[in-house]
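Here's the structure we're looking at; comments come further down.
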Amino acid sequence: MNPPLEPTTPTAKRSPALDPYALRGDFPALHQEVNGHPLAYLDNAATTQKPEAVLEALLRYYREDNANVHRGIHELSRRATEAYEGSRARIAEWIGAEGPEEVVWTRGTTEAINLVAASWGGSNLSEGDEILLTEMEHHSNIVPWQLIAERTGARLRYVELDEEGRLRLDQLPELLTERTKLMAVSHVSNALGTINPVPEIARLVHERGALLLVDGAQGAAHHPVDVKALGCDFYAFSGHKLMGPTGIGALWGREELLDAMPPYQGGGEMIRVVKPDMSTWAALPHKFEAGTPNIAGAVAMRVAVDYLDRIGPEAVLEHEQSLVGYALERLREIPGIRLYGPPDPEERSGVVSFSLQDAHPHDVATILDTEGVAIRAGHHCAQLVMRRYQVSATTRASFYLYNTREEVDRLMDGLDAVQSIFGSTGTQ
Ligand code: PMP
Numbered sequence: 001m002n003p004p005l006e007p008t009t010p011t012a013k014r015s016p017a018l019d020p021y022a023l024r025g026d027f028p029a030l031h032q033e034v035n036g037h038p039l040a041y042l043d044n045a046a047t048t049q050k051p052e053a054v055l056e057a058l059l060r061y062y063r064e065d066n067a068n069v070h071r072g073i074h075e076l077s078r079r080a081t082e083a084y085e086g087s088r089a090r091i092a093e094w095i096g097a098e099g100p101e102e103v104v105w106t107r108g109t110t111e112a113i114n115l116v117a118a119s120w121g122g123s124n125l126s127e128g129d130e131i132l133l134t135e136m137e138h139h140s141n142i143v144p145w146q147l148i149a150e151r152t153g154a155r156l157r158y159v160e161l162d163e164e165g166r167l168r169l170d171q172l173p174e175l176l177t178e179r180t181k182l183m184a185v186s187h188v189s190n191a192l193g194t195i196n197p198v199p200e201i202a203r204l205v206h207e208r209g210a211l212l213l214v215d216g217a218q219g220a221a222h223h224p225v226d227v228k229a230l231g232c233d234f235y236a237f238s239g240h241k242l243m244g245p246t247g248i249g250a251l252w253g254r255e256e257l258l259d260a261m262p263p264y265q266g267g268g269e270m271i272r273v274v275k276p277d278m279s280t281w282a283a284l285p286h287k288f289e290a291g292t293p294n295i296a297g298a299v300a301m302r303v304a305v306d307y308l309d310r311i312g313p314e315a316v317l318e319h320e321q322s323l324v325g326y327a328l329e330r331l332r333e334i335p336g337i338r339l340y341g342p343p344d345p346e347e348r349s350g351v352v353s354f355s356l357q358d359a360h361p362h363d364v365a366t367i368l369d370t371e372g373v374a375i376r377a378g379h380h381c382a383q384l385v386m387r388r389y390q391v392s393a394t395t396r397a398s399f400y401l402y403n404t405r406e407e408v409d410r411l412m413d414g415l416d417a418v419q420s421i422f423g424s425t426g427t428q
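Just so you know, the sequence shown maps onto residues 1 to 428 in the numbering used here.
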């Protein structure tokens with residue numbers, strides 16, 4: 001096993017405010033026509049577009065360095081291992097981890113949460129224990145807990161949402177009991193855009209002696225992340241939400257917790273010694289990385305993180321909030337529109353969710369697509385949010401660093417077209 005490499009820091013300086021028009025030049029997929037119109041890509045909460053540097057990193061890895069990691073004693077394998085472990089070290093530094101051993105590569109947020117639920121949950125939960133979730137969670141932060149609760153006899157409880165898409169934190173003192181072993185909460189809601197006050201939640205959870213897992217799928221891409229300042233015990237995130245490739249993400253966990261957890265999957269890479277009837281495990285983080293990993297994905301995710309870091313997550317959030325502010329202002333002009341999530345853009349990242357009375361969200365999305373505007377309609381893998389607001393679906397536009405006010409105007413023009421077809425006058 002190679003020793004972890006020193007993390008590198010990007011050389012370019014951070015700019016205080018970002019220029020989306022300049023950044024767009026870095027994203028080849030944005031420069032295309034869809035249905036005869038220039039693409040306005042407003043589905044970034046689903047996945048983000050990739051800058052040229054990330055695409056190049058993927059190709060360069062396969063062209064020049066492709067080999068398996070930690071195994072071959074040859075030049076290419078050395079290079080692949082260095083790049084793979086160097087990316088880990090860079091990600092660890094970026095999120096403020098103690099070291100690279102606290103960062104486990106996964107397929108994404110979903111696998112990271114499943115890992116904790118199966119491994120930590122499988123060895124720490126028993127009949128009557130409680131896991132505290134919230135109604136805001138993506139299915140990725142509900143279903144893994146349901147699976148482990150069924151196996152162990154643990155019980156799931158939920159913090160509710162208020163009318164404006166915030167968590168009812170006033171319920172925490174009652175819902176956190178001496179039986180609560182872990183709370184799992186999203187950093188930022190993919191369905192509403194709400195940014196949750198993680199440090200405050202962490203304090204209350206820890207006062208009860210429980211652990212806090214944060215689903216950072218929508219956090220790390222849009223928000224500065226420092227796992228120490230957040231005060232959580234696990235943080236899960238995905239590369240593709242922050243301009244990296246699909247199929248790569250990471251779990252950060254406090255070292256003593258990861259160390260005490262049993263492996264999640266068995267196979268090559270994660271063992272120390274294999275005997276006919278038992279095996280021993282590799283040191284962290286390799287204990288959790290069975291099989292050949294997504295090496296190219298990890299290498300390219302570092303390039304995405306470097307790109308994001310050069311711009312500065314603070315500037316990204318500020319830009320998104322200004323687009324959300326503008327979008328909300330314009331959306332409020334539509335008679336009878338129903339808006340979801342906090343009214344103040346400062347409480348959210350780049351997501352606006354809404355519904356019109358007479359047009360189903362899927363029809364809205366279809367009409368917008370004919371105008372070249374890509375948005376999302378549906379339950380956004382957050383059926384408990386839909387249930388809370390008694391709708392089956394919403395329409396969601398989600399912004400990122402390369403989106404512009406003109407694209408918000410394109411969204412509004414598209415909604416005008418929807419209204420002229422459906423004549424929306426009330427709320428759904
Ligand atoms: N949690 C949230 C809040 C998300 O938005 C998503 C992706 N939509 C996930 C979890 C799952 O992420 P992935 O599909 O990358 O594993």
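Glycine included, every Cβ here is placed at the ideal spot set by N, Cα and C.
Would you check whether the ligand PMP has a heavy atom nearer than 6 Å to the C-beta of A118?
Flag unset: Cβ of A118 not near the ligand PMP.
Roughly how many angstroms lie between the CA atoms of A29 and D129, to the nearest whole one?
48 Å
Exposed or buried, Q321, counting other C-beta atoms within 10 Å across all chains shown (16 or more means buried)?
buried
Can you name the start and end residues of the beta strand (DSSP E) that W252 belongs to?
249-253
Can you tell me whether T177 is buried or exposed? The criterion is at least 16 other CB atoms within 10 Å of its CB, across all chains shown.
exposed
Write down the C-beta distance between G336 and Y400 rounded to the nearest angstrom, noting that I regard them as a contact closer than 8 Å.
About 29 Å; that fails the 8 Å criterion.
Between which two residues does the beta strand (DSSP E) carrying K181 extend?
180-186
Own chain partners of V205 with C-beta closer than 6 Å, once the 5 adjacent residues on each side are dropped:
If we look at V205 and ignore the five residues flanking it on each side, its Cβ neighbours are M183, L212.
Inspect the CB distances between the segment 133-140 and the segment 262-275 and report whether three or more fall short of 8 Å.
Under the three-pair Cβ rule at 8 Å, the segment 133-140 does not count as touching the segment 262-275.
Is there at least one non-hydrogen atom of the ligand PMP closer than 6 Å to the beta-carbon of G291?
The answer is no for G291.
Nearest-angstrom Cα distance between R410 and S119?
46 Å
G108 Cβ short of 6 Å to the ligand PMP heavy atom set:
yes
As a quick exercise: from V324, A304, R310, H362, pick the residue whose alpha carbon is nearest that of L18.
Proximity to L18 across V324, A304, R310, H362 peaks at R310, based on C-alpha coordinates.
Along the chain, where does the beta strand (DSSP E) containing A377 start, and where does it finish?
Boundaries of the beta strand (DSSP E) harbouring A377: 376-378, taken from the DSSP string.
If you pair each beta-carbon of the segment 228-235 with each one of the segment 265-280, do three or more pairs fall below 8 Å?
no
By DSSP, does T427 sit in helix, in strand, or in coil?
In this prediction, T427 has a pLDDT of 42, which is less than 50 and means its spatial position is unreliable; what the coordinates show is noted afterwards. It is coil, neither helix nor strand.
Is E333 helix, strand or coil by DSSP?
In the three-state reduction of the DSSP assignment, E333 falls in the coil class.
Cα-Cα separation, L125 to R155:
10 Å
Could you name the residues of the same chain whose beta carbon sits closer than 7 Å to that of E346, not counting the 5 residues immediately before and after it, in chain order?
For E346, where only same-chain residues beyond five positions count, the Cβ hits under 7 Å are Q321.
Considering just the uninterrupted stretch of the alpha helix (DSSP H) at V214, what are its terminal residues?
Taken as a continuous stretch (DSSP letters only), V214 belongs to no alpha helix (DSSP H), being part of the beta strand (DSSP E) at 211-215.
Looking at the secondary structure, which residues open and close the alpha helix (DSSP H) in which A17 lies?
In the DSSP assignment, A17 falls outside any alpha helix (DSSP H), carrying neither H nor E.
Could you tell me whether the segment 93-104 touches the segment 284-295, where touching means 3 or more Cβ pairs closer than 8 Å?
yes
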